[in-house]
Amino acid sequence: MESNPPEQEPKLKDMEQVGSGTTPVQTAPGKLAPGNSTSLNLNTIKDQPWQEWVDMVFDVLAKIPVYVGNFFSDYRQPLVTLLLIASGAVTVYITLAVLDAIDDIPLLSPILKLLGLGYSAWFVYRYLWKAENRQELWQEFEAFKSQIVGRDS
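Note that our numbering has the sequence shown beginning at 1, numbered continuously upward.
The structure is reproduced here in structure tokens:
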């Protein structure tokens, strides 16, 4: 075996044989072993033909917030209309679900039906039984209509 100079002796203690090669590799913590540079760098990745497709996809994905913002600003009125229709449908669905739940409560459904029949009978007696009461109802309806519309019709 050949003799090493004394200054390399501590360095060789930190090195060991790796694999079947004869090149010692340093295993000291915090330092990388010397080797050939086979790693990809950014320039070689950019030169790949598939990278053009990836760049186009990233460009489209980066512009999505702009596209969505332009879409909402261009179609604000129809979107508001669709939102109102959808919220109305959800409201009707929830109302029907609540009424169905109330209808399933024992004795509550017949009581509410009797209450509705009583109110209908009172309305017929109060506003529809006599001609003068019908006239009074018609005047109240016209006053209410002029309040809503804002003019006499």
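Just so you know, even glycine gets a beta-carbon here, dropped at the ideal spot from N, CA and C.
- Secondary structure at R151: coil, using DSSP grouped into helix, strand and coil.
- The C-alpha of G150 lies about 14 Å from the C-alpha of F141.
- Judged by their CB atoms, R134 and Y127 are nearer to each other than the 8 Å cut-off.
- Non-local C-beta neighbours of L108 in its own chain, meaning closer than 8 Å and more than five positions away in sequence, comprise I102, ordered along the chain.
- Contact between F72 and L79 holds: their C-beta atoms lie close to 7 Å from each other, under 8 Å.
- Non-local C-beta neighbours of I148 in its own chain, meaning closer than 8 Å and more than five positions away in sequence, are absent.
- The beta carbon of L112 lies closer than 8 Å to those of I102 in the same chain, with the five residues before and after it left out.
- Cβ neighbours of D100 within its own chain (closer than 8 Å, five residues either side excluded): none.
- As the crow flies, the alpha-carbon of V60 is around 10 Å from that of V66.
- Between the C-alpha atoms of A86 and Q48 there is a straight-line separation of about 48 Å.
- Counting only runs of 4+ residues, the alpha helix (DSSP H) found wholly inside the region 36-110 occupies 42-46, 50-74 and 76-103, in chain order.
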